[in-house]
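Notes follow once the structure below has been shown.
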Amino acid sequence: MPAPRSTPRVAVVGGGPAGLIAAEVLAAAGVAVDLYDAMPSVGRKFLLAGVGGMNITHSEPNEPFFARYGARREALAPLLADFDGPALRDWVHGLGIETFVGSSGRVFPTEMKAAPLLRAWLARLRAAGVAIHVRHRWLGWDEAGALRFATPDGEKVVKADATLLALGGASWAKLGSDGAWVKTLAERGVAVAPLAPANCGFDVGWSEHFSTRFAGAPLKAVAAACGDEPLKRGECVVTASGVEGSLVYALSARLRDAIAAHGRATLTLDLAPERSAEWVAAEVAHPRGSRSIASHLQSRLGLKGVKVGLLWEVLGKDGMHDPARVAAAIKALPVTLVAPRPIDEAISSAGGVAFEALDANLMVKALPGVFCAGEMLDWEAPTGGYLLTACFATGRAAARGVLAWLAEAPAAQPKPRSARKKPA
């Protein structure tokens, strides 16, 4: 049944976690909510994130948790404090989904899957009266301030009392996040930082011999750093063109920015982080007799396979016969990265609507009645539950901003400035 005229109607554009949680908050407040998504079903990237284990959030205390958001810590901390990791876990439990904390501190549903959570969530949203419209690609506004959507039945025009945009970034375009909204908002005078890959792999330009032999090989029990920051331990993977994986993703912001500034970046790898430099130097210098350098490194240091291959790739034949250079490289192997992988391959994206373009309630200052949330905002974070938590927190905050804005003048809100035709 259509909502009575006295009931505010809000359009939520984007069916990812930020849009869905915003719709839930709005519906709970008695607002009529229409949620639009360009794809045939909602939550597609959310489901992809659950492949191999749905990492909902992280269990670490708030202060180190907030620090994961780097330059946007100050902007996000109040929103995260209002809906932090424990609050998100409680919310998941409210859907009938149990969670547990893994050995790394990451929080997962007990079944490790995203689909049961999404099904329960959508059932609750529909029961709350949220109308979900799929295959509706947002095109912007018409001259009267109405929202325009491309649908299988042609263009559709929708009037709403407020609009909440949760359109995602630009990674995994086939799942709906293609960044097409950037041009639309920029043309309306909204400050948008260029979208860039985050939590991404990088190109190195391996030799054909190394790439053919080791593409797909995991680098386990290593540590890595960019610049003078402390080494981080973890794992990554050698690809046909470079490197990727959780350890690389944790450094991707600094690596990406270094490439943008200098044309290349150095990823420093410690291939034996559990051993001291002195011990490594002594073992490498130990007489090897007739054994090959590869056999020597395996018997004395336990290094083999891709780790030795990396030493050969970086040092070359001459370097591999210099014990001092080999020992130094084992503890600090410089791998030159030349480019991040394309944004569509990245787990997430950096850039987006600048927080300076928004008010405290995440309303676009240049477009009254238009709010933004989720990954389309200018922030980034490492994997580990931080991405999803911020999407939930900003979605809730934007929805509350909508409610506050509607309450100020529920009978007659002004049309968004975006709807007014600009003078020639």
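In the working numbering, the protein residues as written are 1 to 424.
For every residue, glycine included, the Cβ atom is placed at its ideal position computed from N, Cα and C.
| Asked | Found |
| --- | --- |
| Which of helix, strand or coil DSSP assigns to residue 6 | coil |
| Residue 161 beta carbon less than 8 Å from that of residue 397 | no |
| Reference residue 48; option with closest CA among 96, 29, 118 and 34 | 118 |
| Those residues which DSSP pairs with residue 352 across a bridge | 193 |
| Identity of the residue in 13, 17 and 208 nearest residue 393 by Cα | 17 |
| Per-residue burial, residue 357 [other beta carbons within 10 Å of its own, 16 or more giving buried] | buried |
| 8 Å Cβ cutoff met for residue 56 and residue 88 | yes |
| Burial state of residue 61 (16 or more Cβ within 10 Å) | exposed |
| Per DSSP, the bridge partner or partners of residue 226 | 267 |
| DSSP-derived helix/strand/coil call for residue 407 | helix |
| Nearest neighbour of residue 239, chosen from 175, 337 and 24 [CA to CA] | 337 |
| Element boundaries [beta strand (DSSP E), containing residue 366] | Here residue 366 belongs to no beta strand (DSSP E), and DSSP marks it neither H nor E. |
| Residue interval of the alpha helix (DSSP H) (run including residue 117) | 115-127 |
| Where the alpha helix (DSSP H) through residue 138 begins and ends | Element bounds for residue 138: not the alpha helix (DSSP H) but the beta strand (DSSP E), 137-141. |
| Paired residues, beta bridge with residue 359 - DSSP | In DSSP, residue 359 forms no bridge with anything. |
| C-alpha distance - residue 156 paired with residue 138, whole-angstrom precision | 10 Å |
| Residue 303 (DSSP reduced to helix, strand or coil) | coil |
| At least three beta-carbon pairs within less than 8 Å, the stretch 212-223 to the stretch 303-320 | yes |
| 8 Å Cβ cutoff met for residue 85 and residue 107 | yes |
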